[in-house]
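Asker: Read in my numbering, the sequence shown has 160 at position 178, and its numbers run on one by one without any break.
Even glycine gets a Cβ: it sits at the ideal position worked out from N, Cα and C.
Quick one: structure below, then a few questions.
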Amino acid sequence: MAVCARLCGVGQSRRCRRRQRQNQQGQGSDSDMDEEEGERIVGQRQGDVSGGGGATAGPSDACEYGSGRVNRGGSSTGPLHPQSLAELPPELLVEILSLLPGTALPNVALVCKTFRQILNTETIWRRRCIEEFDMKGDLRKMEVGGVSSRDLYVKRVNQRLKSGRFMKLLPDYEQMDYRDVYTHLLHPYRHILGLWQPDIGPYGGLLNVVVDGLSIIGWMYLPPHDPRVEDPMRRRPLFRVHKWESNKATVECMYGHKGPHKGDIQTVKKDEFSTKCNQTDHHRMPGGRQEEFRTWLEEEWGRTLEEIFHEHMQELILMKFIYTSQYDNCLTYRRIYLPPEKPSDLLQPGLFKGTYGSHGLEIVMLSFHGTSARATKLTGDPNVPAGQLTLDVDLSRPVVLPDLENQRKIEKLSHLVMGVHEEVQRETEQQAKDISPTVSGAAAEGACGGASAAEGIEVDHGACSDSCQPGPSSSSSPLEDQPFVLPLGVMARNEVYPRTCRKCFYGTGLIAGHGFTSPERTPGLFVLFDEDRFGFIWLELKSFSLYSRLTDRLAHAHAPDMERFEAMLHNMQSWTS
-17 MAVCARLCGV GQSRRCRRRQ RQNQQGQGSD SDMDEEEGER IVGQRQGDVS GGGGATAGPS
43 DACEYGSGRV NRGGSSTGPL HPQSLAELPP ELLVEILSLL PGTALPNVAL VCKTFRQILN
103 TETIWRRRCI EEFDMKGDLR KMEVGGVSSR DLYVKRVNQR LKSGRFMKLL PDYEQMDYRD
163 VYTHLLHPYR HILGLWQPDI GPYGGLLNVV VDGLSIIGWM YLPPHDPRVE DPMRRRPLFR
223 VHKWESNKAT VECMYGHKGP HKGDIQTVKK DEFSTKCNQT DHHRMPGGRQ EEFRTWLEEE
283 WGRTLEEIFH EHMQELILMK FIYTSQYDNC LTYRRIYLPP EKPSDLLQPG LFKGTYGSHG
343 LEIVMLSFHG TSARATKLTG DPNVPAGQLT LDVDLSRPVV LPDLENQRKI EKLSHLVMGV
403 HEEVQRETEQ QAKDISPTVS GAAAEGACGG ASAAEGIEVD HGACSDSCQP GPSSSSSPLE
463 DQPFVLPLGV MARNEVYPRT CRKCFYGTGL IAGHGFTSPE RTPGLFVLFD EDRFGFIWLE
523 LKSFSLYSRL TDRLAHAHAP DMERFEAMLH NMQSWTS
C-alpha cells in the first residue's frame, strides 16, 4: 500500500503540499500565480513529443500531475522535488512509459488516473508498434503496401443502370490510432509473424508473415524461374489480416485471381497454425482446370507446356499442379527458424536457392554443426521431399583441386573424392569395431544395465565426432580464389557459373527414387565460390547444382538458440519421413 500511495501521490492533500512548498521556498503571491498557471498548463492536452497527437488530461485533473513550474518557453518543468512518478511532467512520463513492452501497459493503466490518461498518448503506442513489430511510416499517411491495385479496388455494379464504377477499399485513417492497431491487430496476431513451412506433402514451401502497412500479410516465397538461380525471389500473397474501420481485425484469403475474399486463421498449437478459405469459388477460373493449369504454369515456370520439351519434366509439372491445387489454400504451417550464426562458420548461414535438374529450383537452409555444413530442403520434390538433409559436408576434409586441365577430367575428380570417401568408410567401420566389444561387455552385466551403458557410449561417440575432429582449415588461413571449371560430361542447369572458387570439401548428397524410395547418400564435392554462392558436384549423377543466397530481409525469423534450432530440424525431418 505504501508503494501504491507513493506512485499515485496519495497522502497529504495537494493544498498541504503546496503550503509546505511555499513555506520552504519563502515565495510571495507571484509564485502562487506561477504555480496556478503551471497547473493549468500541465492539465491541458499535451502535444506528442515526436510530432503525433494524443490526449493526456483535462484541466480538472491538472493537479494529478503535481504542481510544476513553468519556464518562459511555456513548458512544464514539474516540481522541484517530485515525491512520486505521477508528479513528473507529462512529457517525461510519456518517455518512461513508452519504454515498457505493450503487454505491460494495460496493468500500468490500473495504477492511477494519471497513468491511464498518459497512456492515451499516441507516442507511446507508435513506439511500441515500431519497436515490437517493425511498423513503418506514419499511420495518417500510410498506404496498404505490397498489394496490387486489383486487390484494393472492387467493382460496385448498379443493377438499375447496368453500369459499374470502381470504389477504392481503403480505411478511414483519421478514425484510427496506434493503440487500436496494436490492440486489435498486432498483438492478437503476433504469434503468426515469422517464417513458416506449409504442409504440402513433399513440396513444402516458405511462407513469410510480416507487418505490411495496416495489414499482416502472409507471403509465399517462390524461387525464380529455372534456371535463373541468381534472380531475386518471387512473392505471392496467400492471406492477410487487416484492421480498417472496425475494432475487430478481418482475415481474408488472397489466393486466386478474383481478389480478396473471406478467410480464417486458427492456432493449432504452439508454433503451428492453419488457414482456411471460406469462398473457394474465388479460386476457380471461367476456362476450367485447363485455364487454371496454363495460368499456374506461367506463374510457376514462366513458360507454356509446349515450351517444355522434356517429357519427364512435363509429368513432374503436371503432378505438382494436381497435388498442390487440391488444398485450395487450406493449409497448416509449422514455424521454422533461421540458423544461428557463429564466428567459426565458413560463411554466413541462411537460405539459398539451388538448381535440382528437372525438378527446377528449390530452397534450402544452410547451417553449421561443429565440423559439418548441412543443407536442409525447405521445398522439395517427389524424389527427395522437403525437410530432408540434401547435403552433408565434412569441413574437416578439404579437397585440393588439380590444375584446370585435370579438373576437366571427371575421372581425376572422382579419384580425389572417392579416395576421401573410402577413408571415411574405413574410419566408420573401425569406430564400429571399437565400440562393439564394449557394448557386448556392458550387455553381459544385465539387460537394464546393458541398455543404459550402450546408450551412454553412443552419446559419447556422437559428441566426440562433433568436437574432437579438427575444424575447417579455412579458419586458420585466409581464403584465396583459385581457378575452377566443371568436368566434361557434368550437366549444369545454369551454364553461367563462377570460374573461381575459395575452398572445396568432401560431402555427400541425398538421392532417392520416386516417392522417396531407396534413399542413399552419394559422395560429391562441395565448392565454395564466395559468401553468397556455393555448388555441389553429384558424381554418381554427373550433375552440378549451383546455390545462390536469398537476400530478402526476414524479420522475426532468427532462432532463440542453437538448441531450439536443432529441435526444429529434427521435427522437419519427422514431418516428411
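Determine which residues share a DSSP beta bridge with Met473 and list them.
Answerer: Per DSSP, Ser525.
Asker: So, at 7 Å on beta carbons, what are the nonlocal neighbours of Cys312 in its own chain, with the 5 sequence-adjacent residues on each side left out?
Answerer: Within the same chain, Cys312 has close Cβ partners Thr257, Lys258 and Cys259.
Asker: What is the residue span of the beta strand (DSSP E) that Met202 lies within?
Answerer: It spans Ser197 to Leu204 - the beta strand (DSSP E) in which Met202 sits, taken as one unbroken run.
Asker: Hey, quick one: how far does the beta strand (DSSP E) through Asn190 stretch, first residue to last?
Answerer: Note, Asn190: beta strand (DSSP E), Leu189 to Asp194.
Asker: What's the C-alpha gap between Tyr309 and Leu189?
Answerer: One C-alpha to the other measures close to 15 Å.
Asker: Are there 16 or more other CB atoms within 10 angstroms of the CB of Met117, so buried, or fewer, so exposed?
Answerer: Buried is the call here.
Asker: In terms of alpha-carbon separation, which member of Met295, Lys415, Pro505 and Leu468 lies closest to Val375?
Answerer: Looking at the Cα atoms, Pro505 is the closest of the given residues.
Asker: Is Gly369 helix, strand or coil when you go by DSSP?
Answerer: Gly369: coil per DSSP, three-state reduction.
Asker: Could you round the C-beta distance between Leu177 and Ile304 to whole angstroms and report it? I think they count as a contact, below 8 Å.
Answerer: So it is not a contact: roughly 27 Å between Cβ atoms.
Asker: Leaving out five residues before and five after Lys394 in sequence, what residues of the same chain have Cβ atoms less than 7 Å from its Cβ?
Answerer: Result list for Lys394: Pro384 and Asn388, in chain order.
Asker: With distances taken between CB atoms, is the gap from Tyr479 to Leu523 smaller than 8 Å?
Answerer: Taking 8 Å as the Cβ cut-off, Tyr479 and Leu523 do not qualify as a contacting pair.
Asker: Count the other C-beta atoms from every protein chain shown that fall within 10 angstroms of the C-beta of Arg161, then say buried if there are 16 or more, exposed otherwise.
Answerer: Counting Cβ neighbours within 10 Å, Arg161 comes out buried, since at least 16 surround it.
Asker: Just checking, does the segment 492 to 503 make contact with the segment 463 to 475 on the three C-beta pairs under 8 Å criterion?
Answerer: No, the segment 492 to 503 is not in contact with the segment 463 to 475.
Asker: Between Leu67, Pro268, Pro242 and Ala231, which lies nearest to Phe221 when the distance is taken from Cα to Cα?
Answerer: When each option's Cα is compared against that of Phe221, the closest is Pro242.
Asker: With distances taken between CB atoms, is the gap from Lys230 to His166 smaller than 8 Å?
Answerer: Cβ atoms of Lys230 and His166: closer than 8 Å.
Asker: Considering only residues of the same chain and omitting the five flanking positions on each side of Phe508, which have a CB-CB separation below 6 Å?
Answerer: If we look at Phe508 and ignore the five residues flanking it on each side, its Cβ neighbours are Val375, Phe487, Gly489 and Phe518.
Asker: Please name the residue, chosen from Lys391, Phe350 and Thr314, that lies closest to Ser378 on a Cα-to-Cα basis.
Answerer: With distances taken between Cα atoms, Ser378 lies closest to Phe350.
Asker: Short of 7 Å in beta carbon distance, which residues of its chain neighbour Gly471, apart from the five on each side in sequence? Order them along the chain.
Answerer: The answer, listed in chain order, is Ile392 and Lys524.
Asker: Leaving out the 5 sequence neighbours to the left and right, which residues in its chain are closer than 6 Å to Gln555 when beta-carbon positions are compared?
Answerer: Within the same chain, Gln555 has close Cβ partners Gly369.
Asker: When you compare the segment 265 to 272 with the segment 324 to 344, are there three or more beta-carbon pairs, one atom per stretch, that lie closer than 8 Å?
Answerer: Output reads no: the segment 324 to 344 does not touch the segment 265 to 272.
Asker: If you check the beta carbons only, do Pro205 and Lys335 fall under 8 Å apart?
Answerer: Going by C-beta atoms, Pro205 is nearer than 8 Å to Lys335.
Asker: What are the boundary residues of the alpha helix (DSSP H) that Cys312 is part of?
Answerer: Cys312 -> no alpha helix (DSSP H), and no H or E assigned at all.
Asker: Along the beta strand (DSSP E) that carries Thr165, what are the first and last residues, could you check?
Answerer: No beta strand (DSSP E) contains Thr165, which DSSP labels as neither H nor E.
Asker: Rounded to whole angstroms, what's the CA-CA distance from Ala91 to Ile100? Just pull it up for me.
Answerer: Between Ala91 and Ile100, the C-alpha separation is close to 9 Å.
Asker: Rounding to the nearest angstrom, what Cα-Cα distance links Glu513 and Arg531 in this structure?
Answerer: Cα-Cα distance, rounded: 8 Å.
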